[in-house]
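Chains as they are written, first to last, in the numbering used here: chain Y, 896 to 1189; chain E, 896 to 1189. Where a beta carbon is used, it is the ideal one built from N, C-alpha and C, also for glycine. For reference, the structure discussed in these notes is given below.
Next up, the structure:
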């Protein structure tokens, strides 16, 4: 058996096309141009590359992109002051502070300072609580991407046994909430789970978000299961460049699973696409318009 | 095999004694007397009885009790105005609006109006998000009672297979978060779970919160498991008075389980005890004191 590959490139393109169409409609019908502001503190090259990519995709979707760069020596007050200015700016509908931030800055304090209406990363505790309470709010982008990919395989997740391995605030916990909202039976497993292979083998839908390369083995996967691999781990190679690999032992998984996301080319590509979706959602909410159908 | 009974009366008395000792210490050392305000709209006799009981237990623990009664015809603005007044009152550390409220009042709007620092029912989305994010905050009382009872049987819940049946914002979802925080492997099951008996049989710790009398049968329980029954259902009797029964078929469960909470006399008694705990926690947070050890 060879698993179907869930292609992140195709999926992300479809989401971005939906965003662009919705942005065009909002602009024409309401004169509303969604705007996303990204704050980058310091000069980490990987972070800078992410920020550039976000800005490019934002503009390509017809939206406004704002970049605020602060030096690596910026104080917490300086960062909070930029956030306050963006909170007050009506042309900014989404605010994202690129993490990690330099160590003199408390990331919790920064996240708490973002207006929850503009919290497109979905990291504010109020956003987490709205999700947990089944109320409308902004949901973290990577979990939205996981759900989208699972739904390219299954029209409905209702009644499915879903197992989420990992319980981070950024991925594991919000993915579990989203799957519960879709009426799956959801198990959250983690480093202290006793027989993790057996728990994973129960899953019709397995989401791996542990940050350990090749951690989930082929014989942990129920034959025919759908596997969503959130891990993006850089492992060393002979040429010294390293390569990206997921949390799932991919070559083993494709022999057992029904469908699986590759790494690279899987979930990772969905995150920025859903950042754009969240910005459009935030813009509609701020303008008192109904939630967009994307 | 006959299960050990987890006695709610003894457990609740122990919690209340801890609260009274802490209140005495706070009063002596800091001149701080925690205060709990309960708002009752309308004259439902069951709600009025709950409110009386809460007031009595609050005073018995050495705390201040405030009762605000509004007629069944009160408008939403009138209720929100009482909440605003209590938010601003420094002698009030906890605010509880007795639910359900009459139908002209939106309970969500009322809950959102309560200062999250005084949200001793733990129902504000910010409280739910702080719990979901692993940050300090106020947690709903019944889930705290469930956890306390489970811990009278198990010193540690780490690695245990826990199954929560029911996913309400008031019980199921926060119980799942608390069990995850205790490092259990947590499954949330519900009405759309495919083979609920099989899922329940996986549980070392089974929490039933579905609101259906005798729904969980003896052969759904893993031999030796700990069963926490959150249901409080009134079922008809020949004499017309009715009697209270849980979500678990108790007579069957005691033959299989290792430990089980009775109904009545179980979880129900814990809720008010933890309302007092939450009020003391809120008072300490408001005063800038460390969290009390209760």
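Item to complete: May I have the straight-line CA-CA distance separating residue 969 of chain Y from residue 997 of chain Y, to the nearest angstrom?
Response: The residue labelled residue 969 of chain Y in the question sits at position 74 within the first chain. The residue labelled residue 997 of chain Y in the question sits at position 102 within the first chain. Inter-residue distance for residue 969 of chain Y and residue 997 of chain Y is about 8 angstroms (C-alpha atoms, whole angstroms).
Worksheet item: What is the C-beta distance between residue 1165 of chain E and residue 907 of chain E, in whole angstroms, given that I count them as a contact (C-beta under 8 angstroms)?
Response: Position 270 of the second chain holds residue 1165 of chain E. Position 12 of the second chain holds residue 907 of chain E. About 5 angstroms separates the two Cβ atoms, so the contact holds.
Worksheet item: Below 8 angstroms, can you find three or more Cβ-Cβ pairs linking the region 1034-1053 of chain E to the region 1165-1176 of chain E?
Response: Yes: at least three Cβ pairs fall under 8 angstroms.
Worksheet item: On the three-state DSSP scale, how would you describe residue 1110 of chain E?
Response: Taking the second chain and counting its residues from 1, one reaches residue 1110 of chain E at position 215. In the structure shown, residue 1110 of chain E sits in coil (DSSP, three-state: anything other than H, G, I, E or B).
Worksheet entry | Interface flag, residue 1196 of chain E vs chain Y, CB-CB below 9 angstroms | Limits of chain E in this structure are 896 at one end and 1189 at the other, which puts residue 1196 of chain E out of reach.
Practice prompt. Spell out whether any CB of chain Y is found under 9 angstroms from the CB atom of residue 948 of chain E.
Written response: In the second chain, counting from the first residue as 1, residue 948 of chain E sits at position 53. Not an interface residue.
Worksheet item: residue 1084 of chain Y touches chain E at which residues, Cβ-Cβ below 9 angstroms?
Response: Position 189 of the first chain, counting from 1, holds the residue named residue 1084 of chain Y. Against chain E, the beta carbon of residue 1084 of chain Y has neighbours under 9 angstroms at 1080, 1081, listed in chain order.
Worksheet item: Is the region 1172-1182 of chain Y touching the region 1141-1157 of chain Y in the sense that three or more CB pairs, one from each, lie closer than 8 angstroms?
Response: Taking 8 angstroms as the limit for Cβ pairs, the verdict is that the region 1172-1182 of chain Y does not touch the region 1141-1157 of chain Y.
Fill in: For residue 990 of chain Y: DSSP bridge partner residues
Position 95 of the first chain, counted from the first residue, corresponds to residue 990 of chain Y. Y:932, per the DSSP bridge assignment.
Fill in: In DSSP terms, what residue 1128 of chain Y is bridged to
For this step, residue 1128 of chain Y is matched to residue 233 along the first chain. Answer by DSSP bridge pairing, in chain order: Y:1140.
Worksheet item: So, do the region 1123-1130 of chain E and the region 1090-1108 of chain E have three or more beta carbon pairs nearer to each other than 8 angstroms?
Response: Enough Cβ pairs lie closer than 8 angstroms, so yes.
Discussion item. Against chain E, does residue 1061 of chain Y count as a neighbour if the rule is that its beta carbon must be under 9 angstroms from one of theirs?
Written reply: The residue labelled residue 1061 of chain Y in the question sits at position 166 within the first chain. Cβ-Cβ to chain E under 9 angstroms: no for residue 1061 of chain Y.
Worksheet item: Hey, out of Y:965, Y:966, Y:932, Y:937, whose CA is closest to residue 952 of chain Y's CA?
Response: Taking the first residue of the first chain as 1, we reach residue 952 of chain Y at position 57. Of the candidates Y:965, Y:966, Y:932, Y:937, the one whose C-alpha sits nearest the C-alpha of residue 952 of chain Y is Y:932.
Discussion item. 9 angstroms is my cut-off, CB to CB: does residue 1167 of chain E come that close to chain Y?
Written reply: Translated into positions along the second chain, residue 1167 of chain E becomes position 272. Taking a beta-carbon distance threshold of 9 angstroms, residue 1167 of chain E does not count as an interface residue toward chain Y.
Discussion item. Under DSSP, the alpha helix (DSSP H) around residue 963 of chain Y begins and ends at which residues?
Written reply: The residue labelled residue 963 of chain Y in the question sits at position 68 within the first chain. First-last for residue 963 of chain Y: 959-965, but that is the beta strand (DSSP E), not the alpha helix (DSSP H).
Worksheet item: What three-state label does DSSP hand residue 1154 of chain E in the structure shown?
Response: To locate residue 1154 of chain E, count along the second chain from 1; it is residue 259. Look at residue 1154 of chain E here: in three-state DSSP terms it is strand.
Worksheet item: For the putative contact between residue 1021 of chain Y and residue 1075 of chain E, defined by C-beta atoms under 8 angstroms, what is the C-beta separation to the nearest angstrom?
Response: As a first step, residue 1021 of chain Y must be located in the first chain, where it is residue number 126. As a first step, residue 1075 of chain E must be located in the second chain, where it is residue number 180. The pair is not a contact, with the Cβ atoms about 20 angstroms apart (cut-off 8 angstroms).
Discussion item. Which same chain residues end up closer than 8 angstroms to residue 973 of chain Y when comparing Cβ atoms and leaving out the 5 residues on each side of it in sequence?
Written reply: As a working mapping, residue 973 of chain Y is identified with position 78 in the first chain. Hits under 8 angstroms: 965.
Fill in: Span separating the alpha-carbon of residue 1070 of chain E from that of residue 1138 of chain E
By one-based count along the second chain, residue 1070 of chain E stands at place 175. By one-based count along the second chain, residue 1138 of chain E stands at place 243. Near 26 angstroms, if we compare the C-alpha coordinates of residue 1138 of chain E and residue 1070 of chain E.
Item to complete: Kindly provide the ranges of any beta strand (DSSP E) runs that are 3 or more residues long and lie completely inside the region 1047-1106 of chain E, ordered along the chain.
Response: The beta strand (DSSP E) runs lying completely inside the region 1047-1106 of chain E and spanning 3 residues or more are 1056-1060, 1080-1084, 1100-1103, given in chain order.
Practice prompt. For the alpha helix (DSSP H) holding residue 968 of chain Y, just list the boundary residues, first then last.
Written response: For the purposes of this step, residue 968 of chain Y is identified with residue 73 of the first chain, where counting begins at 1. Bounds of any alpha helix (DSSP H) do not take in residue 968 of chain Y, whose DSSP letter is neither H nor E.
Practice prompt. Apply the 10 Å Cβ neighbour rule to residue 1121 of chain E and answer buried if 16 or more other Cβ atoms are within range, or exposed otherwise.
Written response: As a first step, residue 1121 of chain E is located in the second chain; it is residue number 226 there, counting from the start. With 16 or more Cβ atoms within 10 Å of its Cβ, residue 1121 of chain E is classed as buried.
Worksheet item: Of the residues E:980, E:1094, E:1115, E:1000, which one's Cα is nearest the Cα of residue 937 of chain E?
Response: Numbered from its first residue, the second chain carries residue 937 of chain E at position 42. Checking every option, the nearest Cα to that of residue 937 of chain E belongs to E:1000.
Practice prompt. Kindly give me the distance between the Cβ atoms of residue 1110 of chain Y and residue 1090 of chain Y, rounded to whole angstroms, as I take these residues to be in contact under 8 angstroms.
Written response: Taking the first residue of the first chain as position 1, residue 1110 of chain Y is located at position 215. Taking the first residue of the first chain as position 1, residue 1090 of chain Y is located at position 195. With a Cβ gap of about 15 angstroms, residue 1110 of chain Y and residue 1090 of chain Y do not count as contacting.
Discussion item. Can you list, in chain order, the residues of its chain with a C-beta nearer than 8 angstroms to that of residue 1107 of chain Y? Leave out the 5 residues immediately preceding and following it.
Written reply: The residue labelled residue 1107 of chain Y in the question sits at position 212 within the first chain. The answer, listed in chain order, is 1126, 1128, 1142.
Discussion item. Can you list, in chain order, the residues of its chain with a C-beta nearer than 6 angstroms to that of residue 910 of chain E? Leave out the 5 residues immediately preceding and following it.
Written reply: In the second chain, residue 910 of chain E corresponds to position 15, counting from 1. So the qualifying residues of the chain are 1168.
Discussion item. Please state whether the Cβ-Cβ distance between residue 917 of chain Y and residue 1189 of chain Y is less than 9 angstroms.
Written reply: What you label residue 917 of chain Y is simply residue 22 of the first chain in a count that begins at 1. What you label residue 1189 of chain Y is simply residue 294 of the first chain in a count that begins at 1. Yes, these two residues count as a Cβ contact at 9 angstroms.
Item to complete: Please name the residue, chosen from Y:934, Y:1056, Y:1161, that lies closest to residue 1078 of chain Y on a Cα-to-Cα basis.
Response: Taking the first chain and counting its residues from 1, the one referred to as residue 1078 of chain Y is at position 183. Nearest C-alpha to residue 1078 of chain Y: Y:1056.
Discussion item. So that I know if they touch, is there some Cβ in chain Y lying closer than 9 angstroms to that of residue 959 of chain E?
Written reply: Sequence index remark: in the second chain, residue 959 of chain E carries index 64 (1-based). With 9 angstroms as the cut-off, residue 959 of chain E does not count as an interface residue toward chain Y.
Worksheet entry | Rounded Cβ spacing between residue 1117 of chain E and residue 1098 of chain E (contact assumed at less than 8 angstroms) | As a first step, residue 1117 of chain E must be located in the second chain, where it is residue number 222. As a first step, residue 1098 of chain E must be located in the second chain, where it is residue number 203. In this structure residue 1117 of chain E touches residue 1098 of chain E by the C-beta definition: roughly 6 angstroms separates them, less than 8 angstroms.
Worksheet item: Assuming residue 987 of chain E contacts residue 930 of chain E under a Cβ cut-off of 8 angstroms, what Cβ separation, rounded to an integer in Å, is found between them?
Response: One-based indexing of the second chain puts residue 987 of chain E at position 92. One-based indexing of the second chain puts residue 930 of chain E at position 35. Beta-carbon to beta-carbon, residue 987 of chain E and residue 930 of chain E are separated by about 5 angstroms, close enough to satisfy the 8 angstroms threshold.
Worksheet item: What's the call for residue 1192 of chain Y, buried or exposed, on a 16-neighbour Cβ count within 10 Å?
Response: Beyond the ends of chain Y as shown, which are 896 and 1189, falls residue 1192 of chain Y; an answer cannot be given.
Practice prompt. Indicate the three-state DSSP secondary structure (helix, strand or coil) for residue 1210 of chain Y in the structure shown.
Written response: Residue 1210 of chain Y falls outside the range modelled here, since chain Y spans only 896 to 1189, and no answer is possible.
Item to complete: For the alpha helix (DSSP H) holding residue 952 of chain Y, just list the boundary residues, first then last.
Response: Here residue 952 of chain Y refers to the residue found at position 57 of the first chain. If you look at residue 952 of chain Y, you'll find it in the alpha helix (DSSP H) that goes 940-955.
Discussion item. Would residue 1029 of chain E and residue 1064 of chain Y qualify as a contact pair, given that the criterion is a beta-carbon distance under 9 angstroms?
Written reply: In the second chain, counting from the first residue as 1, residue 1029 of chain E sits at position 134. In the first chain, counting from the first residue as 1, residue 1064 of chain Y sits at position 169. With respect to the 9 angstroms criterion, residue 1029 of chain E and residue 1064 of chain Y are classified as neighbours on the basis of their beta carbons.
Discussion item. On the DSSP bridge list, what partners appear for residue 1176 of chain Y?
Written reply: As a first step, residue 1176 of chain Y must be located in the first chain, where it is residue number 281. For residue 1176 of chain Y, which the question treats as bridged, DSSP gives no partner whatsoever.
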